Every structure is written in structure tokens, then in C-alpha cells.
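The block underneath contains the structure these notes are about, expressed in C-alpha cells.
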Amino acid sequence: MRLFSAPQLNPASETGWRRRWFDIIHRTDTPPSRRFDLLLVWAILASVLVVMVDSVQRIHASWATGFYIVEWGFTLLFTAEYVLRLLVVRRPLRYAFSVWGIIDLLAILPSYISFFIPGTQSLLVVRVLRLLRVFRILKLTRYIEESGELMQALWRSRRKILLFLSMVVTIAIIAGALMYVIEGPQYGFSNIPTSMYWAVVTMATVGFGDIVPHTTLGRFITSALILIGYSILAVPTGIYTAELAGNMLRERRHDTRGCTVCGHEGHEIKAHYCNRCGHELPEHIDP
22 MRLFSAPQLN PASETGWRRR WFDIIHRTDT PPSRRFDLLL VWAILASVLV VMVDSVQRIH
82 ASWATGFYIV EWGFTLLFTA EYVLRLLVVR RPLRYAFSVW GIIDLLAILP SYISFFIPGT
142 QSLLVVRVLR LLRVFRILKL TRYIEESGEL MQALWRSRRK ILLFLSMVVT IAIIAGALMY
202 VIEGPQYGFS NIPTSMYWAV VTMATVGFGD IVPHTTLGRF ITSALILIGY SILAVPTGIY
262 TAELAGNMLR ERRHDTRGCT VCGHEGHEIK AHYCNRCGHE LPEHIDP
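Residue numbers (the working numbering): 22 to 308.
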């Protein structure tokens with residue numbers, strides 16, 4: 022799935038500090054890059070925790086100044102990371118307009134908006150800006166290797182899942198129309214969209230209870246929808262699980278290249294550097 026895959030980036034320079042920082046920031050299979058990623062993971066988790074705790078009004082009232090200082094510390098850290106990512110690549114706009122570049126920008130933008138735009142004393146504006154900072158948690162998926170496999174499996178099974186969802190929508194429309202005719206406005210089924218809402222809630226086995234059928238035929242349709250609801254939970258899960266299992270088998274293949282420095286073998290297909298000593302691996306040649 023290319024939407025969530027990392028963009029193909031090249032270093033801005035083959036030598037000097039830009040090349041060194043490119044390998045640290047945009048590579049994931051060298052010891053310095055792993056330490057850098059680990060530092061960012063802890064920073065992301067800590068910053069999101071600060072946002073969550075700061076949303077508690079009682080705690081915010083007592084520690085507002087401390088939270089403000091800590092928040093700006095994280096903002097400056099992520100700003101430096103974002104700027105550095107742009108400086109070390111040959112085409113900065115390619116990264117800036119990628120999914121990960123947009124997420125990185127959203128992680129720092131709210132703090133600057135609330136600082137530079139006057140009138141942010143409005144509680145609604147402040148709360149929205151604070152809420153947007155939780156986009157930082159999306160940065161974590163960059164450092165979780167398995168997240169790529171999950172997204173690829175979801176993307177590969179998209180047609181089957183969309184076909185199944187279209188069938189669910191069709192059932193909801195038919196059931197909603199039937200309940201509108203059978204039950205009528207006197208029992209809460211005032212129109213077809215409201216009846217469709219009831220059908221979706223029933224198939225999801227949630228059952229809010231705000232709209233309840235009273236006729237015998239309406240209760241029969243309700244029972245049928247509840248039974249259909251259990252299959253709705255099982256079918257897309259089975260489709261996704263089967264695709265994920267097949268995808269994991271394909272991704273778990275190992276390369277036959279050996280490191281020319283330490284001789285270590287068994288690297289992953291996409292690896293560019295030795296996972297033992299960090300030396301660059303020879304170029305992969307497809308059989």
C-alpha cells in the first residue's frame with residue numbers, strides 16, 4: 022500500500038553531515054538510526070501522555086505553567102526533527118507532501134497556531150488545538166515494522182471488504198424501508214434514514230434501545246438482523262486474517278546476502294545495512 026509506505030528519498034549530499042544525518046534519520050537498520058528512533062518513540066509517548074494529563078481540568082489548573090513549558094520543549098524537539106528531515110533529502114517537497122511529512126507537520130502546527138494567532142483564549146479553539154497534538158501518536162507507526170504488514174494486508178483485501186460492506190449497506194436500506202412501512206412513525210421509525218440507523222445499530226449488536234419494534238413482524242426482522250450482525254463481525258475479520266497470514270509468509274523470506282565485514286547472513290529482503298555491525302550490504306541481485 023503506497024499511501025502509508027515511506028517515500029523513496031535520496032540524500033542531499035553523498036558526503037558530509039547531511040549524508041550522516043540522512044542515514045541516521047531515514048534509515049532504520051543501523052545502530053545510530055535505531056538509537057535515534059528509540060529516542061523519538063519515547064519522546065512521542067511522553068508528549069502524548071502530557072496532552073492526555075493536561076486535558077484533566079483539575080490537574081491543568083495546578084500545573085498549567087509546567088505543562089506549557091514541557092509542551093513547548095516537545096514542540097521544539099519535533100520541529101528540529103522535521104526541519105532536519107527536510108534538510109538532508111535531495112527533494113524536500115517529496116517528503117513534506119508525503120503522509121509521514123504531513124503527520125510530522127500536524128504534530129507541531131497546533132502549538133505554533135495557538136501562539137501566533139491572537140484570540141486563542143477561546144476555550145473551543147484551545148481544546149481543538151490541544152486535541153490535534155495527539156497526531157503525534159501516528160508518528161509511532163513509522164517505527165513499528167509490523168504496521169506496514171498490517172496496512173498492506175488491509176489494502177490487498179480492500180475489494181473483498183468493500184464488496185461485503187456494499188452488501189451490508191443494501192441490507193440496511195431494505196431493512197430500514199421495511200421497518201418504516203411495518204412499524205411507522207408512531208413507534209419511532211419516522212423516516213427511512215432513521216430506520217436505516219436503527220438497522221445499522223441492530224446489525225452491529227449494539228442495541229441502544231432508543232428505537233424498539235412493537236409489532237410481531239418487526240420483531241422477527243429484528244431477530245434476523247441480529248443474527249446477520251454476528252456474520253458481519255466474522256466475515257471481514259476472516260478476509261483480513263487470511264490476507265495478513267499470506268502477506269506475513271511473503272514478508273518473512275530472508276536474503277542470502279552476507280555482510281562483507283562480519284560475514285553475518287539472514288538479513289531481510291529490504292535491508293540495506295547489516296543488522297549486526299551496521300556496514301552497508303552488497304546490492305541484491307534477483308535470481
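The beta carbon of each residue, even a glycine, is placed where N, CA and C say it ideally should be. These numbers come from a predicted model, not from an experiment.
- Assignment of Pro32 by DSSP, reduced to helix, strand and coil, places it in the strand class.
- Listed as beta-bridge partners of Val110 by DSSP are Pro32.
- A Cβ-Cβ contact shorter than 8 Å links Thr96 with Ser132.
- Beta-bridge partners of Tyr294 (DSSP): Glu301.
- A residue is called buried when at least 16 other Cβ atoms come within 10 angstroms of its Cβ; Glu304 does not meet this threshold and is exposed.
- Excluding residues up to 5 positions away in sequence, Ile203 lie with their Cβ nearer than 6 Å to the Cβ of Leu238 in the same chain.
- Cβ-Cβ separation between Ile232 and Phe210: approximately 7 Å, consistent with a contact (criterion under 8 Å).
- Glu204 carries a coil assignment under DSSP once its states are collapsed to helix, strand and coil.
- Counted as a single uninterrupted DSSP element, the alpha helix (DSSP H) harbouring Arg39 occupies residues 37 to 47.
- No Cβ-Cβ contact shorter than 8 Å links Pro32 with Arg115.
- Annotation: the continuous alpha helix (DSSP H) that includes Phe137 extends over 120 to 137.
- The residue among Trp42, Ala67, Tyr89 with its C-alpha nearest the C-alpha of Phe136 is Tyr89.
- For Val71, the enclosing alpha helix (DSSP H) begins and ends at 52 to 75.
- Residue Val71 holds the alpha-carbon nearest to the alpha-carbon of Gly87 among Val71, Arg39, Glu102.
- One thing to note: Leu199 has its Cβ no nearer than 8 Å to the Cβ of Tyr261.
- With a cut-off of 8 Å on Cβ pairs, the segment 40 to 48 is in contact with the segment 102 to 109, counting three or more such pairs.
- Here Ile247 is near Thr223, since their CB atoms are less than 8 Å apart.
- Residues of the same chain with a CB within less than 6 Å of the CB of Ser54, apart from the 5 flanking positions on each side, are Ile45, Arg48 in chain order.
- Rounded to the nearest angstrom, the gap between the Cα atoms of Asp125 and Arg56 is 19 Å.
- At a Cβ-Cβ threshold of 8 Å, Glu264 and Ser178 count as neighbours.
- The alpha-carbon of Glu301 is positioned some 31 Å away from that of Leu66.
- In summary, Tyr251 is exposed, with fewer than 16 beta-carbon neighbours lying within 10 Å of its beta-carbon over all protein chains present.
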